[in-house]
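Residue numbers (the working numbering), protein chains in the order written: chain X, 1 to 304; chain G, 1001 to 1285.
Report on the following structure.
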Amino acid sequence: MDHKQALEGLQPRGVIKTSFSEKCFTVFNYVFFILLGLTTLLPFVNLLAKSLSSESAVISGRVGLLPVGLQFETYHYVLQDSMFLNSLKVSIALTVIGTACSLFLTTLTAYPLSKVRLRGRKGILLIFVFTMLFSGGLIPTYLLMQNLNLVNSFPVLFLPAMVNVYNMLIIKNYFEGLPEELEESAKLDGAGNVRILMSVMLPLSLPVLATIGLFFAVAFWNDYFTAMIYISDPAIKPMQLYLKELLVSSSGDFLKDNIDAAINTTPQSIQASSILLATIPILLVYPFLQKYFVKGVLVGSVKG
Amino acid sequence: MLVPGILFILLFKYTPMYGITIAFKDFNIFTGFADSPWVGWKHFERLFTSPDFAQVFRNTVIISFLKIVILFPLPIVVALMLNEMRNMIFKRTVQTVIYLPHFLSWVIVGGLFMDLLSTNGGIVNKALTAMGMEPIAFFLDNSVFRSVLITSAGWKETGWSTIVYLAAFTTIDPMLYEAARMDGAGRWKQLWHITLPGIAPVIILMFILRLGSVLEAGTEQILVMYNPVVYQVSDVIGTYVYRRGLGSQDYSFSTAVGLFEAVISFTLVIAGNAASRKYLQRGIW
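Structure representation (structure tokens):
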């Protein structure tokens, strides 16, 4: 009897023991994620500090997380630099025009493909999906653009990306999920296909359109590769390409020659401030990005 | 309504596919597309005997392999740990922070790492010297540059990649956990016997998808971060095609290299999907 009681007495202690190890885990978990978060954020803090520090402090490597020898001349310099401002304008134009055109064409294509009654639907879908699996590659695409006289032109930055099959499939799937009856009743009221798309389907699809619009916008804003291939004219270089050249050129002393000697700054500070300025637009829309991108990824992964 | 979309895809996607034929020709920009002479497999023979390409292919496979081995399991571990986090506000804050780098371009992330790892006032080398070690020229050292590539890729995408797994957790029946708790299973046992098996199909699916792009070792990343000093360890198929094609204008040869990659990738995706259908009863399409 005593023996049994002793055993029972042990029982709660066992429970305490597991909860102790669970507590250890919880603490470990917090520490891990705080470190992970810091690893993500601190590089930006360091960059910000560098962009605001004086020349001597940056060169001697004394800048950690806080600016040393605070100065704002770097930002003043970058924001007056005509190359930077021009590339910013190109990027904004590209993001706005590219997103609008792509969203329009992608939606226009997705709608008929969402209708089961469309003749040859499977075959047409296959034509689209095949391009996700196989492509002509860099060089044949470049030669095509050359033949179309699109090299070194602004439209080349968005025209080839306008029908994005992945995004198109997401919109198509969303359309398929809308109740059939809505369309039927619109048809009875004498509405044509275009009318149905514009005044029935689109107003119901705002969430998915917002998601895909953001997909496009972020892709256009971040794309440097297309510009690097096709654009050499400085007047139409988007910001990401300008930044890339800025990063590579720092070793080529291109900046040092261009910086007015009177300004208290360094190529590193200019790079740092340019990188941060290019990040700001993303940060401004980040709350929306996070919300809609997560949704988009989930829709895509469930059905795509 | 379909016409514009189909025209776009035919023009911008299918015309280049037809353009692949220059891989079997000696294409010259002056003689033009149609008049360039057919040369059969010549460029592929060059490709398979070229020591350059052997190196490029090896780099591609090594970098891709390292990325898969190290970076594929990471988001799963992070997602599992996030899943154990009971403090919802903290959890959501962490998610917000670790998703962020995904939205930055490789130019930004590359610049950030160049700055952090610079020998010229970079914070990492500052820490190394403070600990009495020699500074490392991360971007000029053939023995560490691949690690830079893998670390920066992990920094950028690990957080974001947790999403799929976090979503998979929500599909697991909560009754299973309740039953396990009744049977006295602790958190560790629940994780091992319920959570992991619950998301196993998603893990396998993601793995198959990942294998399909094994020859895409991160062209956009490497184009920003590499330089001639480290070509030896970081020149991959994508960057090689770019330099040979657009730099040296060796159009036919680089098209052949591109086609080689495209065919292998295509085959891998098809095979992966078939395997997934057979063993998981669930394909990618």
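Each residue gets a CB set at the ideal place from its N, CA and C atoms; glycine is no exception.
Here the structure is a predicted model, which means the values were calculated and not measured.
Give me, in chain order, the residues of the same chain whose beta-carbon lies closer than 8 Å to that of residue i; leave out the 5 immediate sequence neighbours on both sides.
i: V1078 of chain G; result: I1098, T1158, G1159 and T1162
i: R1282 of chain G; result: P1201, L1205 and S1276
i: I229 of chain X; result: L138 and Y142
i: L1100 of chain G; result: G1159
Pick helix, strand or coil for residue i, following the three-state DSSP scheme.
i: W1041 of chain G; result: coil
i: T1158 of chain G; result: helix
i: V285 of chain X; result: helix
i: K237 of chain X; result: coil
i: K115 of chain X; result: coil
i: A1274 of chain G; result: helix
Checking 8 Å against the spacing of the C-beta atoms, do residue i and residue j come in under that value?
i: F1257 of chain G; j: F1053 of chain G; result: The amino acid at residue 1257 of chain G is misidentified as Phe; the sequence shows Val. It is a contact, given that the beta carbons lie within the stated cut-off.
i: A1179 of chain G; j: K1189 of chain G; result: no
i: V1164 of chain G; j: V1202 of chain G; result: yes
i: S1248 of chain G; j: G1212 of chain G; result: no
i: G1110 of chain G; j: L247 of chain X; result: yes
i: L108 of chain X; j: G1005 of chain G; result: yes
i: L1047 of chain G; j: F1260 of chain G; result: yes
i: V58 of chain X; j: Q268 of chain X; result: yes
i: G69 of chain X; j: F220 of chain X; result: no
i: F1008 of chain G; j: L105 of chain X; result: yes
i: G296 of chain X; j: P1016 of chain G; result: no
i: N86 of chain X; j: A235 of chain X; result: yes
i: P43 of chain X; j: S53 of chain X; result: no
i: L159 of chain X; j: L169 of chain X; result: no
i: I1063 of chain G; j: G1218 of chain G; result: yes
i: E22 of chain X; j: R1187 of chain G; result: yes
i: T266 of chain X; j: E55 of chain X; result: yes
i: M1175 of chain G; j: F32 of chain X; result: no
i: N164 of chain X; j: I231 of chain X; result: no
Cutting at 7 Å between CB atoms, please list the residues of its own chain near residue i, excluding the five before and the five after it.
i: P179 of chain X; result: none
i: P112 of chain X; result: L118
i: H1043 of chain G; result: A1023, S1252, F1253 and A1256
i: I1020 of chain G; result: T1255 and L1259
i: D253 of chain X; result: Bear in mind that a pLDDT of 47 at D253 of chain X, under 50, signals an unreliable position, so the model cannot answer this.
i: V1056 of chain G; result: D1235, V1236, I1237 and Y1240
i: S1222 of chain G; result: Checking the sequence, you will find Ile at residue 1222 of chain G rather than Ser. Cβ neighbours of I1222 of chain G beyond the five flanking positions: L1149, S1234, V1236 and T1239.
i: W1106 of chain G; result: E1220, Q1221 and V1224
i: S274 of chain X; result: V78, F84, L243 and L246
i: S251 of chain X; result: Unreliable placement is indicated for S251 of chain X, whose pLDDT of 49 sits below 50; the coordinate value is still reported in the next sentence. Taken in chain order, the list of residues that qualify is empty.
Between the Cα of residue i and those of the options, spot the shortest distance and give me the residue it belongs to.
i: T1093 of chain G; options: X:G37, X:V218, X:M228 and X:M239; result: X:G37
i: A1167 of chain G; options: G:G1198, G:G1186, G:W1192 and G:K1156; result: G:G1198
i: M162 of chain X; options: X:F215, X:V151 and X:L188; result: X:F215
i: I280 of chain X; options: X:Y166, X:E245, X:N167 and X:L88; result: X:L88
i: K291 of chain X; options: G:L1082, G:F1048, G:F1103 and G:I1062; result: G:F1103
i: S51 of chain X; options: X:N29, X:H76 and X:F33; result: X:H76
i: I171 of chain X; options: X:T40, X:G213 and X:G123; result: X:G213
i: L103 of chain X; options: X:S19, X:N167, X:F154 and X:K115; result: X:N167
i: L157 of chain X; options: X:Y30, X:L169, X:I275 and X:T95; result: X:T95
i: W1038 of chain G; options: G:T1031, G:K1025 and G:T1049; result: G:K1025
i: G64 of chain X; options: X:V218, X:T74, X:L47 and X:D223; result: X:L47
i: F1169 of chain G; options: G:I1076, G:M1001 and G:S1050; result: G:I1076
i: N1083 of chain G; options: G:I1194, G:M1225, G:R1244 and G:T1267; result: G:I1194
i: A227 of chain X; options: X:P238, X:A217, X:A219 and X:F33; result: X:P238
i: P155 of chain X; options: X:P67, X:S91 and X:F134; result: X:S91
i: T39 of chain X; options: G:R1187, G:S1152, G:D1173 and G:F1072; result: G:S1152
i: L1268 of chain G; options: G:W1041, G:R1210, G:V1003 and G:P1135; result: G:R1210
i: L283 of chain X; options: X:T74, X:F28, X:V31 and X:L41; result: X:L41
i: L1002 of chain G; options: X:F288, X:F32, X:F28 and X:G120; result: X:G120
i: Q146 of chain X; options: G:G1184, G:A1262, G:K1278 and G:L1246; result: G:L1246
Using a Cβ-Cβ cutoff of less than 6 Å, which residues in the same chain neighbour residue i once the five nearest sequence positions on both sides are dropped?
i: I1089 of chain G; result: none
i: N1028 of chain G; result: S1036
i: L10 of chain X; result: Reliability fails at L10 of chain X, whose pLDDT of 45 lies under 50, so the model's placement of it is uncertain and the value that follows must be treated cautiously. Counting only Cβ-Cβ distances below 6 Å, and skipping sequence neighbours, we find nothing.
i: V116 of chain X; result: none
i: A1274 of chain G; result: none
Just checking, does the segment 166-184 of chain X make contact with the segment 205-225 of chain X on the three C-beta pairs under 8 Å criterion?
-> Contact holds: three or more Cβ-Cβ distances are below 8 Å.
The segment 75-82 of chain X contacting the segment 140-156 of chain X, beta-carbon criterion three pairs below 8 Å | Too few Cβ pairs lie closer than 8 Å, so no.
Kindly confirm or deny that the segment 120-129 of chain X and the segment 1230-1244 of chain G touch, where touching means at least three C-beta pairs closer than 8 Å.
-> Touching, no.
So does the segment 1106-1124 of chain G actually touch the segment 1134-1148 of chain G, counting three or more Cβ pairs closer than 8 Å?
-> The segment 1106-1124 of chain G is in contact with the segment 1134-1148 of chain G.
Would you say the segment 181-193 of chain X touches the segment 1058-1078 of chain G, given that touching needs at least three Cβ pairs under 8 Å?
-> No, the segment 181-193 of chain X is not in contact with the segment 1058-1078 of chain G.
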